Amino acid sequence: MKVDRRSFLGLGLGAAAGMAVSPSTWKLMDDSSIWTQNWPWTPVPKDGEVTFDNTVCSLCSGNCGISIRKINGRPVKIEGRHGYPGNDGGICLHGISGLQYVYDSSRVKSPLIKKGDTWEKISWENAVKLVAQEITKIRNNSKADKIACITDKKQGTISGLFERLLKTIGSNNFFAMESMEHTWMTTLEKIHGINALPDFDLENSDFILSFGCGFIEGWGSPVNNFKINSSRKEKGTQLVQIEPRLSNTAANADMWIPIKPGTEADLAFGIANIIITDNLYNKTYISKFSKNFNNFAEMVKEKYSIEKVVAITGIKELTIRKIAGDFAKASSPIAIAGKGRGETAGSFREITAVHVLNCLLGNINKNGGIWTSTPIVYDKWQSVEMDDIALKGVEKSLNNQSVSSLFTNINLSSNPFIEALFIYNANPCFSMRNTKAIQKAMEKIPFVVSFSSYMDETTKYADIILPSHIFLERYEDITGSSGMAKSIIGLSKPLVKPVFDTKNPGDSILMLANALKGSIAVSFPWENYKECLKNIFFF
Amino acid sequence: MSEIEEKIENSSVNDDKVGLAQENIKGDSGLGLGVIFFILAFVVFFLSGWLLFPKLLYSKKQQPFNFNHRLHVQEMGDCESCHSFREDGSFTGIPQIGMCVECHEEQLGDTKDEEIFVTQYVENEKEVPWLIYSRQPDCVFFSHAAHVIGANMDCKTCHGDIGESTISKPYEVNRITGYSRDIWGKNIWGIKKHSWDSMKMDDCAECHLKETQSKGACFQCHK
Numbered sequence: 024m025k026v027d028r029r030s031f032l033g034l035g036l037g038a039a040a041g042m043a044v045s046p047s048t049w050k051l052m053d054d055s056s057i058w059t060q061n062w063p064w065t066p067v068p069k070d071g072e073v074t075f076d077n078t079v080c081s082l083c084s085g086n087c088g089i090s091i092r093k094i095n096g097r098p099v100k101i102e103g104r105h106g107y108p109g110n111d112g113g114i115c116l117h118g119i120s121g122l123q124y125v126y127d128s129s130r131v132k133s134p135l136i137k138k139g140d141t142w143e144k145i146s147w148e149n150a151v152k153l154v155a156q157e158i159t160k161i162r163n164n165s166k167a168d169k170i171a172c173i174t175d176k177k178q179g180t181i182s183g184l185f186e187r188l189l190k191t192i193g194s195n196n197f198f199a200m201e202s203m204e205h206t207w208m209t210t211l212e213k214i215h216g217i218n219a220l221p222d223f224d225l226e227n228s229d230f231i232l233s234f235g236c237g238f239i240e241g242w243g244s245p246v247n248n249f250k251i252n253s254s255r256k257e258k259g260t261q262l263v264q265i266e267p268r269l270s271n272t273a274a275n276a277d278m279w280i281p282i283k284p285g286t287e288a289d290l291a292f293g294i295a296n297i298i299i300t301d302n303l304y305n306k307t308y309i310s311k312f313s314k315n316f317n318n319f320a321e322m323v324k325e326k327y328s329i330e331k332v333v334a335i336t337g338i339k340e341l342t343i344r345k346i347a348g349d350f351a352k353a354s355s356p357i358a359i360a361g362k363g364r365g366e367t368a369g370s371f372r373e374i375t376a377v378h379v380l381n382c383l384l385g386n387i388n389k390n391g392g393i394w395t396s397t398p399i400v401y402d403k404w405q406s407v408e409m410d411d412i413a414l415k416g417v418e419k420s421l422n423n424q425s426v427s428s429l430f431t432n433i434n435l436s437s438n439p440f441i442e443a444l445f446i447y448n449a450n451p452c453f454s455m456r457n458t459k460a461i462q463k464a465m466e467k468i469p470f471v472v473s474f475s476s477y478m479d480e481t482t483k484y485a486d487i488i489l490p491s492h493i494f495l496e497r498y499e500d501i502t503g504s505s506g507m508a509k510s511i512i513g514l515s516k517p518l519v520k521p522v523f524d525t526k527n528p529g530d531s532i533l534m535l536a537n538a539l540k541g542s543i544a545v546s547f548p549w550e551n552y553k554e555c556l557k558n559i560f561f562f
Numbered sequence: 579m580s581e582i583e584e585k586i587e588n589s590s591v592n593d594d595k596v597g598l599a600q601e602n603i604k605g606d607s608g609l610g611l612g613v614i615f616f617i618l619a620f621v622v623f624f625l626s627g628w629l630l631f632p633k634l635l636y637s638k639k640q641q642p643f644n645f646n647h648r649l650h651v652q653e654m655g656d657c658e659s660c661h662s663f664r665e666d667g668s669f670t671g672i673p674q675i676g677m678c679v680e681c682h683e684e685q686l687g688d689t690k691d692e693e694i695f696v697t698q699y700v701e702n703e704k705e706v707p708w709l710i711y712s713r714q715p716d717c718v719f720f721s722h723a724a725h726v727i728g729a730n731m732d733c734k735t736c737h738g739d740i741g742e743s744t745i746s747k748p749y750e751v752n753r754i755t756g757y758s759r760d761i762w763g764k765n766i767w768g769i770k771k772h773s774w775d776s777m778k779m780d781d782c783a784e785c786h787l788k789e790t791q792s793k794g795a796c797f798q799c800h801k
């Protein structure tokens, strides 16, 4: 017997046959097909216990109640909170994507100090020490009144702490970014003589006359507005949108009036003229509450006659008459103003002209009209300790100025008009008119401290950044819900462990106050912001 | 037929006869050895595919420490005392340490395994990294509530006698797929004697066909 080619063939065939009838071939086929479905580099979300935790969204002035879905304590999704006033389970696209902000690549990840054109990391202790040194230097040079602060709003404990810090340092220059709410408040004060917030009862209105409000694009309380908008057809509520641009709101409205930009006030006065001339106004209301109605009637008759208004606004007479008639004949009509999302101050003349329409029909403090509500005070601060520098500074410092006039003054003055600026949750270099002038003014301020969570257009001009937690990482009282017929105070609480080396802005202020020592430190006796919030929140 | 043609034909016939005879002698011996080689290789490869291959395919891992299911069932009463449903109907699976601590804040017995548990995990507030024998692939949606509460099925139908075990068997993981051996089953041939012997899709389909007269649609599990 000789080992030849056939023996090898036998060996090979035997091996193949043996392997084929053994289970390994079939098992390997199954395994390799499973392997191709589970590439090891494909990320797979971790499974675990599902829990929900509630907080308040503060991405816009809507301040919706939100519910966060967590897997093993890790937040994975934001949903609307059921039963919360305003949004009741609903949520907007911005709110849904709120978790992305936690990991946003433009977040400031630790305190930073500007060195030339670059930023360098610095510890919290050193950063706060440097800010304290600079502020002390300014105070010692009797320039405490030249320290200013800009935040997003005046309400709330964080703004309260900033205002308090400024006062104990020796300055009154505490500013909040202006929104339509400020202008509406001024209007209510000038027309009715009251300090009140406007609450728009759009839900119960049957005719909404909107002068450029992005009603379903983020104006007021967006989710509440979505709901009102979707029930409009059922309820038979008319929406007339007066806006130069075919916005989403305009496209959704029953009637879109493309008006020449900037002539909204003229149209409002023109409509007022028609309502008065055609005797469509609420005579009981006017005789009861108005003082110089005849003067006003004459003024609009003379200045805003239909011919003039047609020429100014570019809208046909028939259309103007139709709007005026429909508006006046509706059972609960409401006229609203505040361009776009209402995040800028807008024009006082425009808002006044629009509110005059509400007054003419007497739909003030009525269902479906405008409610005037006194701002709720729920924070009770103990009195501050002020040393001589602080007392003198506060006496000297400017008051009652607006953010825009502050920047104008900075640009006009040759000496530094403002020596140091604290800026928190505000981005004037992006959101105000004439951003070039604002940028120039920012460059002229010798020392800028930003408390921003993100590297934005304004933070770019900071000398030191003390980065804040974002809304999902911190405690804060949330006031607002502008544009709704209710005033709501919410409490936001940390649902995510801080991802970066940031702090609650309240804690940063307490740390800074302590570093400034003396009467300033004494005025901030709280261990941390949470304790401060607990102590001064008295509801 | 020409002479030459005849010659050629004759000679080829003669040659064929001789050749065939020779081949028969050689072929017998060659085939014999070939058959032996064939059988040898067949047996070797068949046996290794059956017995050696599973040993290479699966790697063995030990659980962090032994868990005595029988003892716990005796103490607690049933499976659901520890493997419970949450309020929303989802299944907790293996309990987290918070549940264990309700009894095991301190060592109750004197076993080495409990000592490891208390000193390494309870005291450090660390979850036990259990290796889950019956973990299904990520592409599979499985609702315990639908089966245990909805269809009133017994845990044993799929998980077998795990409640009777006194020690934790080694966790065997498939080197190619990364799945537990319990999904395919212990038997490499895929032969099963009990309903809990394997947990592949076919096993789900088999039971669904029997109980609901339909194997079910793809998206019921692959969402």
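If you read the sequences in order, they're chains A and B.
The numbering used here puts the first residue of the first sequence at 24, with every later residue one more than the last.
The numbering used here puts the first residue of the second sequence at 579, with every later residue one more than the last.
The beta-carbon is built from N, C-alpha and C at its ideal position, and this holds for glycine as well.
Treat the numbers as computed from the prediction; the structure is a model and nothing was measured.
Tell me the DSSP bridge mates of residue i?
i              : result
R130 (chain A) : A:Y477
Y636 (chain B) : B:N752
R97 (chain A)  : A:I94
E143 (chain A) : A:I136
L220 (chain A) : A:S396
V726 (chain B) : V726 (chain B) pairs with nothing; no bridge assigned.
F720 (chain B) : Paired residue(s): none; F720 (chain B) is not in a bridge.
Compute the Euclidean distance between the alpha carbons of residue i and residue j, then round it to the nearest angstrom.
i              : j              : result
Y447 (chain A) : H492 (chain A) : 12 angstroms
G676 (chain B) : I101 (chain A) : 26 angstroms
P521 (chain A) : D666 (chain B) : 28 angstroms
I239 (chain A) : E408 (chain A) : 47 angstroms
D530 (chain A) : L444 (chain A) : 18 angstroms
T209 (chain A) : D402 (chain A) : 23 angstroms
I158 (chain A) : A544 (chain A) : 14 angstroms
E789 (chain B) : I766 (chain B) : 27 angstroms
L51 (chain A)  : M42 (chain A)  : 11 angstroms
G103 (chain A) : T74 (chain A)  : 15 angstroms
C785 (chain B) : C736 (chain B) : 10 angstroms
A353 (chain A) : W242 (chain A) : 23 angstroms
E257 (chain A) : I357 (chain A) : 18 angstroms
Ordered along the chain, which non-local residues of its own chain (more than five positions away) have a Cβ less than 6 angstroms from that of residue i?
i              : result
N646 (chain B) : T744
Q178 (chain A) : T502
E496 (chain A) : P517, V519, P521
W147 (chain A) : P134
G484 (chain A) : The displayed chain sequence assigns Tyr, not Gly, to residue 484 (chain A). These residues qualify, in order along the chain: M465, V471.
What residues in its chain sit with their C-beta under 7 angstroms from that of residue i, if we drop five residues either side in the sequence?
i              : result
E366 (chain A) : S202, S454
V26 (chain A)  : none
Determine the chain B residues that contact residue i at a beta-carbon separation under 8 angstroms, and present them in chain order.
i             : result
N61 (chain A) : P715, D716, C717, T755, G756
V67 (chain A) : D716
Listing by chain order, which chain A residues have their CB less than 9 angstroms from the CB of residue i?
i              : result
S668 (chain B) : E72, V73
G763 (chain B) : Chain A residues near G763 (chain B): none, gap ~11 angstroms exceeds 9 angstroms.
G687 (chain B) : Chain A residues near G687 (chain B): none, gap ~28 angstroms exceeds 9 angstroms.
List the residues of chain A whose Cβ lies closer than 8 angstroms to the Cβ of residue i, in chain order.
i              : result
R759 (chain B) : In chain order: nothing, as chain A lies at least about 11 angstroms away.
W708 (chain B) : Residues of chain A passing the Cβ test: none, with the nearest at roughly 13 angstroms.
G738 (chain B) : What G738 (chain B) touches in chain A: nothing, since even the nearest Cβ is about 21 angstroms away.
Taking residue i as the query, report the chain B residues whose CB atoms sit under 7 angstroms from its CB, ordered along the chain.
i             : result
W58 (chain A) : I754, T755
V44 (chain A) : F624
D54 (chain A) : N752, I754, T755
R97 (chain A) : In chain order: nothing, as chain B lies at least about 14 angstroms away.
Near residue i, which residues of its chain fall below 8 angstroms by C-beta distance, leaving aside the five closest residues on each side in sequence?
i              : result
F720 (chain B) : Q714, C799
N592 (chain B) : Annotation note: pLDDT 48 at N592 (chain B) (below 50); position unreliable, coordinate value reported separately. Nothing listed; no residue qualifies.
Residue i touches chain A at which residues, Cβ-Cβ below 7 angstroms?
i              : result
A619 (chain B) : L34, G37, A38, G41
G676 (chain B) : None at all; the shortest Cβ gap to chain A is about 10 angstroms.
F615 (chain B) : S30, G33, L34, G37
W774 (chain B) : Those within 7 angstroms of W774 (chain B) in chain A number zero; the least Cβ separation is about 20 angstroms.
I766 (chain B) : P46, K50
Does the pairing of the region 219 to 226 of chain A with the region 394 to 406 of chain A give three or more beta-carbon distances under 8 angstroms? Yes: the two stretches touch, three or more of their Cβ pairs being nearer than 8 angstroms.
Are there three or more Cβ pairs, one per stretch, closer than 8 angstroms when the region 622 to 633 of chain B is compared with the region 40 to 53 of chain A? yes
Would you call the region 331 to 347 of chain A and the region 277 to 297 of chain A touching, i.e. three or more CB-CB distances under 8 angstroms? Under the three-pair Cβ rule at 8 angstroms, the region 331 to 347 of chain A counts as touching the region 277 to 297 of chain A.
Touching by the beta-carbon criterion (3+ pairs, under 8 angstroms), the region 325 to 337 of chain A and the region 286 to 294 of chain A: Segments in contact, yes.
Touch test, the region 374 to 387 of chain A against the region 126 to 139 of chain A, Cβ-Cβ under 8 angstroms, three pairs minimum: no
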